[in-house]
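Q: In numbering that gives the first Met the number 0, the protein residues as written are 0 to 365.
Every residue, glycine too, gets a C-beta built ideally from N, C-alpha and C.
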Amino acid sequence: MSTPDWLTLTEARMRNLKGFDLHLPLARLIMVAGPSGAGKSTLFRDLLHPAATHAIKTGTPVLRGATFVKATGFEDESLEKNAAPFNTLIGANTFKNVIEVDQDPIGKTPRSTPATYLGIFDQIRRFFATLPEAKTRGHTASRFSFNTKGGRCETCAGAGRIKLEMAFMPDTYLPCDDCRGTRYAPDMADITWKNKNIAQVLQLTFDEAVTFFDFHSQLSQVCQLMVDCGLGYLTLGQSSPTLSGGEAQRLKLVTELTHGLATYRERSRGAQPRNLYLLEEPTIGLHLSDCEKLIHLLHSLVDQGHTVVVIEHHLDLLAEADYIIELGPEGGPAGGEMIYQGPLAGLLKIKNSPTAPYLRKKLGKS
Ligand SMILES: Nc1ncnc2c1ncn2[C@@H]1O[C@H](COP(=O)(O)OP(=O)(O)O)[C@@H](O)[C@H]1O
Ligand SMILES: [Mg+2]
Ligand SMILES: [Zn+2]
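Structure, rendered in structure tokens:
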């Protein structure tokens, strides 16, 4: 790896942060450790994120905290009126975007599904419109949508389920009797590819879809990324509000990676947009093998030139870091100090690091 350029935030002070300088190497995988309440979210999500966003928007190589506060009206209970939460932010203007990949749900309506979120459902509909039977009937791609009139089931308007309206009761849904939850009108059932109609394609898992779409390199690549991310068991048409927080976060991550695929042409022309990614606890709910897949994905983002910051408790993930940051030593007022920032090996030697003993054990060094 070449010598990194750096992102530097000096004198970070907000809530319990004690006015330290933060140095982040660009195009690296950076892990942030520290006990609950140490100040990790405060530093990265509540301070660095808005400040870097402002530096990007204004194209400022050296952003002063005072300028940032004046321009954005940034404030926090812990700060005196108009006081700056840092001294300077240096180098953030080289990013294209700051992207916080959170665990918020990705869609409130059952009309959103992993396939629509990833953008591959448009391609699948376009493909179905090229089938001879579709052409004979004059069906265009929009006919294969469950969101517009034409191909969708009109009884449920393509939702696949019907809301029961009962006073004083939480919303309850029943599968639609007419389409049996498939979302489509009956006449769409006999337009098939490899014996599957559009409704049955939405019932494929991503594991199955990799093979099903093996003739279509982009579709199969995107489905493979879902498998690589440990989401191969989801179906293309599962309604988004039913995804867990961890699943939603990984779906967002895969979507980010597919943007990387899409800009391949851009990159070969030498234009490489670099983003700053911020993730919190992406391994929640993952088995060890899926953790490894996730780590692989994070490395791919770094290989594309992005800088990835992961707030993480999982030791297996920490051991994968190119660069590690530890905040502590405790939570609340007894935290907010920079215990260590640098390569992993260096952390093992830090005497007052609460994480170091566990990492030494994990790596078999005492
Ligand atoms: N929105 C907030 N307003 C006031 N204090 C907060 C807020 N969020 C966190 N804190 C306090 O700031 C300190 C650092 O918290 P936080 O950044 O959430 O730690 P971590 O992410 O490392 O668990 C804690 O003492 C916490 O109680
Ligand atoms: Mg936190
Ligand atoms: Zn229906």
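Based on the DSSP output, what are the partners of Phe-19 in its beta bridges?
A: In DSSP, Phe-19 forms a bridge with Ala-11.
Q: Any residues whose CB sits closer than 5 Å to a heavy atom of ligand 4? List them in chain order?
A: With respect to small molecules bound, the structure shown includes ligand 1, ligand 2 and ligand 3 and not ligand 4.
Q: Just grab the DSSP bridge partners of Gly-64 for me.
A: Partner(s): none; Gly-64 has no beta bridge.
Q: Looking at the strands, I want to know which residues DSSP matches up with Glu-336.
A: Gly-327, per the DSSP bridge assignment.
Q: Would you call the segment 155-162 and the segment 170-178 touching, i.e. three or more CB-CB distances under 8 Å?
A: In short, these stretches touch, since the Cβ pair count reaches three.
Q: Between Ser-238, Cys-178, Ile-324, Lys-360, which lies nearest to Asp-20 when the distance is taken from Cα to Cα?
A: Comparing Cα-Cα distances from Asp-20 to each of Ser-238, Cys-178, Ile-324, Lys-360, the minimum goes to Ile-324.
Q: Three-state secondary structure (DSSP) at Ala-91?
A: Helix, per DSSP.
Q: Rounded to the nearest angstrom, what separates Ala-114 and Leu-297 at their Cα positions?
A: Computed Cα separation, rounded: 22 Å.
Q: Return the residue from the list Gly-150, Lys-193, Thr-210, Ile-349 that minimises the CA-CA distance to Arg-182.
A: The shortest C-alpha separation from Arg-182 is found at Gly-150.
Q: So, helix, strand or coil for Arg-160, using DSSP?
A: Strand.
Q: Below 8 Å on the Cβ atoms is my contact criterion, and I expect Asn-15 with Gly-334 to pass it. Report the Cβ-Cβ distance as a whole number of Å.
A: Yes, Asn-15 and Gly-334 are in contact; Cβ-Cβ is about 5 Å, under 8 Å.
Q: What's the C-alpha gap between Asp-101 and Phe-211?
A: So the two alpha carbons sit approximately 31 Å from each other.
Q: Less than 8 Å between the CB atoms is what I'm expecting for Gly-33 and Leu-326, so what's the real figure, rounded?
A: Gly-33 to Leu-326, Cβ: 4 Å. Contact.
Q: Keeping to the same chain, check which residues put their C-beta closer than 8 Å to that of Ala-318; ignore five residues upstream and five downstream.
A: Contacts found: Leu-343, Leu-358, Lys-361, Leu-362.
Q: Distance check for Thr-139 and Met-366, CA to CA, integer angstroms please.
A: Because the chain in this structure spans residues 0 to 365, residue 366 falls outside the shown range and cannot be described.
Q: Does the distance from the C-beta atom of Lys-17 to that of Glu-255 stay below 8 Å?
A: Not closer than 8 Å, so no.
Q: Report the three-state DSSP secondary structure of Arg-142 (helix, strand or coil).
A: Of the three classes helix, strand and coil, the one that applies to Arg-142 here is helix, per DSSP.
Q: Report buried or exposed for Asn-351, applying the criterion of at least 16 other Cβ atoms within 10 angstroms of its Cβ.
A: Classification for Asn-351: exposed.
Q: Does Ala-158 pass the burial test, meaning 16 or more other C-beta atoms within 10 Å, or should it be called exposed?
A: Buried, because 16 or more other Cβ atoms sit within 10 Å of the Cβ of Ala-158.
Q: Is any heavy atom of ligand 3 found at a distance shorter than 7 Å from the C-beta of Arg-182?
A: Correct: Arg-182 has its Cβ closer than 7 Å to ligand 3.
Q: Taking 8 Å as the cut-off, decide whether the C-beta atoms of Asp-103 and Ala-247 are in contact.
A: Contact flag set, yes.
Q: Pick out whichever of Arg-124, Glu-132, Glu-207 has its Cα sitting closest to the Cα of Arg-142.
A: Looking at the Cα atoms, Arg-124 is the closest of the given residues.
Q: Could you tell me whether the segment 286-296 touches the segment 66-81, where touching means 3 or more Cβ pairs closer than 8 Å?
A: With the cut-off at 8 Å, the segment 286-296 and the segment 66-81 do not touch.
Q: Taking Pro-49 as part of the alpha helix (DSSP H), name the residues at either end of that continuous run.
A: 48-57 is the span of the alpha helix (DSSP H), which, as asked, contains Pro-49.
Q: DSSP three-state label for Ile-197, please.
A: Residue state, collapsed to three classes: helix.
Q: Quick check: is any heavy atom of ligand 3 less than 7 Å from the C-beta of Gly-149?
A: Gly-149: no, Cβ never under 7 Å from ligand 3.
Q: Can the beta-carbon of Thr-257 be found less than 8 Å from the beta-carbon of Leu-117?
A: Yes.
Q: Just to confirm, is the Cβ distance from Ile-105 to Lys-251 under 8 Å?
A: Contact flag set, yes.
Q: By Cβ distance, which residues of its chain are closer than 7 Å to Ala-133, with the 5 residues on each side in sequence left out?
A: Answer for Ala-133: Phe-127, Ile-190, listed in chain order.
Q: If I measure Cβ to Cβ from Trp-5 and keep anything under 7 Å in the same chain, skipping five residues before and after, which residues do I get?
A: Closer than 7 Å at Cβ, skipping near neighbours: His-22, Leu-23, Pro-24, Leu-25, Gly-90.
Q: How about Phe-43 and Asn-274: do their beta carbons lie closer than 8 Å?
A: No. Outside cutoff.
Q: Kindly give me the distance between the Cβ atoms of Ala-198 and Leu-235, rounded to whole angstroms, as I take these residues to be in contact under 8 Å.
A: The pair is not a contact, with the Cβ atoms about 11 Å apart (cut-off 8 Å).
Q: Confirm the yes/no value for this check: CB of Thr-154, any heavy atom of ligand 3, distance under 7 Å.
A: Yes, since a heavy atom of ligand 3 falls inside the 7 Å radius drawn around the Cβ of Thr-154.
Q: Going by DSSP, what residues sit across from Arg-151 in a beta bridge?
A: The partner list for Arg-151 (beta bridge, DSSP) reads Tyr-183.
Q: Is it buried or exposed for Met-168, if we count other Cβ within 10 angstroms and need 16 for buried?
A: That one is exposed.
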